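Student:
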Amino acid sequence: MADALRFRDHPAADEPAVSLDAFLNQPEAASVRIEAGDDVRRLAPVLARTRLIEVDFPKFRDGRGFSSARILREMGYAGEIKATGDVLVDLVWFMRRCGFDSFAPDAPFDAADVEAALARYPYVYQPAADPPGSSWAVPIWKLRHG
Amino acid sequence: MYRYDQYDHAMVQARVEEFRDQTRRRLEGKLTDDQFKPLRLKNGLYLQLHAYMLRVAIPYGTLNTVQMRKLADIARRYDRGYGHFTTRQNIQYNWIKLEEAPDLLAELAEVEMHAIQTSGESIRNVSADQYAGAAADEIMDPRPWAEMIRQMTTFMPEFSYLPRKFKIAVIASAADRAALRWHDFAVRIVRNAAGEDGFEVYAGGGMGRTPFIAYRIREFLPTGQLLSYMQAVLRVWNRNARRDNIHKQRMKILVHELGEDEFRRQVEDEFASFVAMDEDFPQAEYDRIAAYFAPPPFETGLSTDINRVDPDFALWVDRQVVAHKAPGYAIVNISLKPVGGIPGDISADQMDLVADLAERFSFAEIRATHAQNLVLPHVRMADLHAVWTALDAAGLGDANLDLVTDIIACPGLDYCSLANARSIPLAQKLSERFADPARQADIGELKLKISGCINACGHHHAGNIGILGVDRKGSESYQLLLGGSGDEETSQAKIAGPGFDEDGIVDAIERTIEHYRTVRAPKERFIDTYRRVGMDGFKEAIYG
Amino acid sequence: MKILTGNDLKTGRVVWWDGAGWSAHVEDAADVGDAADAILALEDAACRVNGGYAIEAEPDPAGRGVRPAHIKDRVRAYGPTVRPDLTLKPADPEAGTWVI
Chain U
1 MADALRFRDH PAADEPAVSL DAFLNQPEAA SVRIEAGDDV RRLAPVLART
51 RLIEVDFPKF RDGRGFSSAR ILREMGYAGE IKATGDVLVD LVWFMRRCGF
101 DSFAPDAPFD AADVEAALAR YPYVYQPAAD PPGSSWAVPI WKLRHG
Chain Y
1001 MYRYDQYDHA MVQARVEEFR DQTRRRLEGK LTDDQFKPLR LKNGLYLQLH
1051 AYMLRVAIPY GTLNTVQMRK LADIARRYDR GYGHFTTRQN IQYNWIKLEE
1101 APDLLAELAE VEMHAIQTSG ESIRNVSADQ YAGAAADEIM DPRPWAEMIR
1151 QMTTFMPEFS YLPRKFKIAV IASAADRAAL RWHDFAVRIV RNAAGEDGFE
1201 VYAGGGMGRT PFIAYRIREF LPTGQLLSYM QAVLRVWNRN ARRDNIHKQR
1251 MKILVHELGE DEFRRQVEDE FASFVAMDED FPQAEYDRIA AYFAPPPFET
1301 GLSTDINRVD PDFALWVDRQ VVAHKAPGYA IVNISLKPVG GIPGDISADQ
1351 MDLVADLAER FSFAEIRATH AQNLVLPHVR MADLHAVWTA LDAAGLGDAN
1401 LDLVTDIIAC PGLDYCSLAN ARSIPLAQKL SERFADPARQ ADIGELKLKI
1451 SGCINACGHH HAGNIGILGV DRKGSESYQL LLGGSGDEET SQAKIAGPGF
1501 DEDGIVDAIE RTIEHYRTVR APKERFIDTY RRVGMDGFKE AIYG
Chain R
2001 MKILTGNDLK TGRVVWWDGA GWSAHVEDAA DVGDAADAIL ALEDAACRVN
2051 GGYAIEAEPD PAGRGVRPAH IKDRVRAYGP TVRPDLTLKP ADPEAGTWVI
């Protein structure tokens, strides 16, 4: 079983993540927790000191975290983005494509399910926030036209 | 029509295998129903009253002979010999077994069909004008854009869990045959003074419990920026919609709460940042798709004579056949509303017949309409009699397009677990009451729509006459609404007064129609009379 | 009486708890009294039923079995009223008279 899944080489941040409001007021903090309703763009002025952003999924059906992660990558954030909460293993692929690179689900993933989910789709129709250099991240239209 | 390349095939097949695996895990008990439900909904599989129901996508309502034959084959081997065409141009099967669903989807994939994102909180089938590519009044065929949108919105990672479903429509004419303003997002292709193609963009429409008509949020969007704009709209909605009350999560609610101007402002803000990322699809990809929609090899110098000696044939021609842009050709509407029948239902044998007729007479192409009928888009006028003869023999020859017996009805309490009342028996009674062709012709255009519950899948809000089935102290009751429309003058139907039981509402509708006939101006349609005279006279006639 | 109903996981067909297992026929439905939750939890976990729930019902006065209190469950028990040929008892013209 995989209690946590991580696609980063660097050691994980070891301090507990604080709320967004607290983080903005604590210049020494490096880990922040984003709730589903938080506006991640508020992190813009402090992204440079941020090492870990936990994005929570209170219920798997609440898809706001996908937007949060992708916006963070668009803002140029290169640190760790971790999905926490009610995370379905079947959605891990789509989360990777939005910029998530670690996962701490409430219910542990089955390792075989993770492997299957990540290898499932050979191509992508549209751009997202895929990890830079990932082999799959060229949208199909680009493969068609070179 | 569009044909899959290796990439499209690979994506659909990956999805089939994913669902096969998810089904296996469910049947082994590794997934609870709560976990499995959103996954099966992403593949169009509902659990309804009697069995699993599968909704197969018919992208923008276009399908070919091979596909229709496969749909008939599926009906025979996986279902109980019939299918149901829906108000979003899809087809549904009512008796599917979960354990067989993965094989069914694999077979559909072989003919370039799927059930991806046809239910659940997904970006749903893009609907389009059923006369696309044949109508004289379109500036271009809208379907390449519909296909482009289909690909853009398939498996969009950021929108894996939207607040609710999202429905899109595309047209390319001034006439609106796709009910644009009842959709979450809709575009009309236009050409500006400089001769550039662009989109008039509408957003925030929808039916359901709280109907709203979409606003026009953009007068002109250059076509090359469509993906950026759509992502902007979806992102604003995804981030800002409520997530605590499923009845308040459609985008129409957010648009209404923010107001048109504020919604537009937020979208334009997001749009600017997407445009800056420069990720829109290139013209080359549009051109590649558009090539598939080049007109078929129409013959020239064809006869435009129609032998009207047979009065039944003449009646059918006058009602069901519409002018085609190519001389000598015609658009044929096939009624799936035989008097006393089940609206939108079609047997496997009938599907095969339509497939054969398409192959012989319509360049193998068929359309499904949001009024739950079918179309053969490109029929030579010289072949109309042969087509009609075959349709008539198969019970598909009713001449009632847009007439009072051309009823749109959801499956209702006979099939649907959400329903409060049955809609089909009511549709049957109504069509039998008004069966006389002369009477129907006299009444003229009258769009009657029945929903069995407040979710409005029968589109009753857009009915010239709408009927809503409700549960009144444990028994079925029906509300009567008047004045709705899905065309260029989109309007929401209004409740006429207290509800009725099944027999009561049939009589009430008869009184409604009689009042219309009493006060109408010459050649005035029901909806136009209603708009001119208002509700009061009708209310008086109905309730006395 | 309190009876249990749901859908078969594999086939999706409507089923009724008959006291020992799940039957396709509402006439076989057993009165479960207070045991509804316990039975459902067990059966759901064992994948023997999908989406099971308890409903009120009464023995049909004409002796035709069990009549669920709500019309929706009566439609589930009978089949689509507009396609008697697809119901459990297509040959019996009286089979659906108690549904509405």
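Protein chains in written order, with the working numbering: chain U, 1 to 146; chain Y, 1001 to 1544; chain R, 2001 to 2100.
Glycine included, C-beta positions come from ideal geometry on N, C-alpha and C.
Quantities reported herein were computed from a predicted structural model and do not represent experimental measurements.
Taking Cβ to Cβ, would you say R1319/Y is nearer than 7 Å to A1368/Y?
Tutor: What you label residue 1319/Y is simply residue 319 of the second sequence in a count that begins at 1. What you label residue 1368/Y is simply residue 368 of the second sequence in a count that begins at 1. Contact: no.
Student: Using a Cβ-Cβ cut-off of 7 Å, state whether P2059/R counts as contacting chain C.
Tutor: Looking for chain C here will not work: the only protein chains present are U, Y and R.
Student: Would you verify that the beta carbon of V2066/R is, or is not, closer than 7 Å to some beta carbon of chain Y?
Tutor: Reading the third sequence from its first residue, position 66 is the one you call residue 2066/R. No, V2066/R lies away from the interface with chain Y (no Cβ there is under 7 Å from its Cβ).
Student: Can you tell me which of V124/U, A22/U, H145/U, R70/U puts its alpha carbon nearest to the alpha carbon of W136/U?
Tutor: For the purposes of this step, residue 136/U is taken as residue 136 along the first sequence, with counting starting at 1. If we check each option's Cα against that of W136/U, V124/U comes out closest.
Student: Any beta carbon of chain Y sitting closer than 7 Å to that of T2087/R?
Tutor: Translated into positions along the third sequence, residue 2087/R becomes position 87. Cβ-Cβ to chain Y under 7 Å: no for T2087/R.
Student: Does the count of Cβ pairs from the segment 1239-1252 of chain Y and the segment 1215-1229 of chain Y closer than 8 Å reach three?
Tutor: Touching, no, given that fewer than three Cβ pairs across the two stretches are closer than 8 Å.
Student: Going by alpha carbons, who is nearest to K1473/Y out of V1267/Y, G1083/Y, D1501/Y, P1142/Y?
Tutor: Here residue 1473/Y corresponds to residue number 473 of the second sequence, with the count starting at 1. Taking only the C-alpha atoms, the option nearest K1473/Y is D1501/Y.
Student: Going by the beta-carbon positions, is the gap between G1458/Y and I1527/Y smaller than 7 Å?
Tutor: Here residue 1458/Y is taken as the residue at index 458 of the second sequence, counted from 1. Here residue 1527/Y is taken as the residue at index 527 of the second sequence, counted from 1. Not a contact, by the Cβ cut-off of 7 Å.
Student: Looking only at DSSP bridge pairs, what is L1054/Y linked to?
Tutor: Here residue 1054/Y refers to the residue found at position 54 of the second sequence. BP columns for L1054/Y point to L1045/Y, Y1093/Y.
Student: Does any C-beta atom of chain U lie closer than 7 Å to the C-beta of Y1161/Y?
Tutor: If you number the second sequence from 1, residue 1161/Y lands on position 161. Chain U contact via Cβ: present.
Student: Whose CA, out of R2013/R, D2028/R, D2085/R, lies closest to the CA of G2019/R?
Tutor: Taking the third sequence and counting its residues from 1, the one referred to as residue 2019/R is at position 19. Ranking R2013/R, D2028/R, D2085/R by Cα distance to G2019/R puts D2028/R first.
Student: Among the candidates E1017/Y, R1024/Y, H1009/Y, whose CA atom is the shortest distance from the CA of L2009/R?
Tutor: Indexing the third sequence from 1 puts residue 2009/R at position 9. The shortest C-alpha separation from L2009/R is found at R1024/Y.
Student: Cβ of K2010/R less than 7 Å from any chain Y Cβ?
Tutor: As a position in the third sequence, residue 2010/R is number 10, starting the count at 1. Output row for K2010/R: interface = yes.
Student: What residues in the segment 1342-1357 of chain Y have a beta carbon less than 7 Å from any beta carbon of chain R?
Tutor: Residues passing the 7 Å Cβ filter: I1342.
Student: Bridge partners of V1375/Y, per DSSP?
Tutor: As a first step, residue 1375/Y must be located in the second sequence, where it is residue number 375. According to DSSP, which records beta bridges pairwise, V1375/Y is partnered with N1333/Y, R1367/Y.
Student: By the 10 Å Cβ neighbour count, where 16 or more other Cβ atoms means buried, how is N1064/Y classified, buried or exposed?
Tutor: What you label residue 1064/Y is simply residue 64 of the second sequence in a count that begins at 1. Classification of N1064/Y: buried, given that the 10 Å Cβ count is 16 or more.
Student: Against chain U, with Cβ distances strictly below 7 Å, would M1152/Y count as a contact?
Tutor: Here residue 1152/Y refers to the residue found at position 152 when the second sequence is read from its first residue. So, interface residue.
Student: Measure from the alpha carbon of R1124/Y to the alpha carbon of each residue in A1101/Y, M1230/Y, T1154/Y, then state which is nearest.
Tutor: For this step, residue 1124/Y is matched to residue 124 along the second sequence. Checked all of A1101/Y, M1230/Y, T1154/Y; the closest Cα to R1124/Y is T1154/Y.
Student: In this structure, how does DSSP classify E1099/Y when only helix, strand and coil are distinguished?
Tutor: Counting from one through the second sequence, the residue named residue 1099/Y turns up at place 99. Looking at E1099/Y - three-state DSSP - the assignment turns out to be helix.
Student: Just to confirm before moving on: does the CB-CB distance between H1460/Y and S1127/Y stay below 7 Å?
Tutor: Reading the second sequence from its first residue, position 460 is the one you call residue 1460/Y. Reading the second sequence from its first residue, position 127 is the one you call residue 1127/Y. Contact flag unset, no.
Student: Given that T2081/R touches chain Y, what residues does it touch there, using C-beta distances under 7 Å?
Tutor: The count along the third sequence starts at 1 and reaches residue 2081/R at position 81. By Cβ distance, chain Y contributes D1414, R1422, P1425.
Student: Using only the alpha-carbon positions, how far apart do I1116/Y and E1540/Y sit?
Tutor: For the purposes of this step, residue 1116/Y is taken as residue 116 along the second sequence, with counting starting at 1. For the purposes of this step, residue 1540/Y is taken as residue 540 along the second sequence, with counting starting at 1. Approximately 48 Å between the Cα atoms of the pair.
Student: So, at 7 Å on beta carbons, what are the nonlocal neighbours of P1102/Y in its own chain, with the 5 sequence-adjacent residues on each side left out?
Tutor: The residue you call residue 1102/Y lines up with position 102 of the second sequence. Taken in chain order, the residues that qualify are V1016, F1019, R1020, T1023.
Student: Can you tell me which of P2084/R, W2022/R, T2087/R puts its alpha carbon nearest to the alpha carbon of G2051/R?
Tutor: Here residue 2051/R corresponds to residue number 51 of the third sequence, with the count starting at 1. Answer by Cα proximity: W2022/R.
Student: Cβ atoms of A4/U and A104/U: under 7 Å apart, would you say?
Tutor: Walking along the first sequence from the start, residue 104/U turns up at place 104. Walking along the first sequence from the start, residue 4/U turns up at place 4. Yes, Cβ-Cβ distance for A104/U and A4/U is below 7 Å.
Student: Report the residue from M1053/Y, L1104/Y, N1090/Y, E1100/Y whose alpha carbon sits nearest the alpha carbon of K1070/Y.
Tutor: Taking the second sequence and counting its residues from 1, the one referred to as residue 1070/Y is at position 70. Checking every option, the nearest Cα to that of K1070/Y belongs to L1104/Y.
Student: When we look at the beta-carbon of H1602/Y and count the other beta-carbons within 10 Å, is it buried (16 or more) or exposed?
Tutor: Because residue 1602/Y is not part of the residues shown, which for chain Y are 1001 to 1544, the question remains open.
Student: Mapping the DSSP letters down to three states, classify M1/U as helix, strand or coil.
Tutor: Within the first sequence, residue 1/U is the residue found at index 1, counting from 1. Only weak support is given to the placement of M1/U: the predicted model assigns it a pLDDT of 45, under 50, and the value that follows is read from those uncertain coordinates. Reduced to three states, the DSSP call for M1/U is coil.
Student: Assuming W1145/Y and I1189/Y make a contact with CB atoms under 8 Å, what is their CB distance in whole Å?
Tutor: Within the second sequence, the letter at position 145 stands for residue 1145/Y. Within the second sequence, the letter at position 189 stands for residue 1189/Y. That pair is a contact at about 6 Å.
Student: So, helix, strand or coil for Q1479/Y, using DSSP?
Tutor: Numbered from its first residue, the second sequence carries residue 1479/Y at position 479. Of the three classes helix, strand and coil, the one that applies to Q1479/Y here is strand, per DSSP.
Student: Quick check: is the beta carbon of R2074/R nearer than 7 Å to any beta carbon in chain Y?
Tutor: By one-based count along the third sequence, residue 2074/R stands at place 74. So, not an interface residue.
Student: Report the residue ranges of all beta strand (DSSP E) runs contained in full by the segment 1210-1261 of chain Y; include only those spanning at least 3 residues, in chain order.
Tutor: If we require 3 residues or more, the beta strand (DSSP E) runs fully inside the segment 1210-1261 of chain Y come out as 1215-1222.
Student: Quick one: Cα of G2065/R to Cα of A2077/R, how far?
Tutor: Here residue 2065/R refers to the residue found at position 65 of the third sequence. Here residue 2077/R refers to the residue found at position 77 of the third sequence. Cα to Cα, the separation comes out at about 11 Å.
Student: Got a sec? Which residues, its chain only, sit under 8 Å from L143/U by beta carbon, not counting five neighbours each side?
Tutor: Translated into the one-based positions of the first sequence, residue 143/U becomes position 143. The answer, listed in chain order, is Y123.
Student: Is there a Cβ from chain Y that is less than 7 Å from the Cβ of Y125/U?
Tutor: For the purposes of this step, residue 125/U is taken as the residue at position 125 of the first sequence. Yes, Y125/U lies at the interface with chain Y (some Cβ there is under 7 Å from its Cβ).
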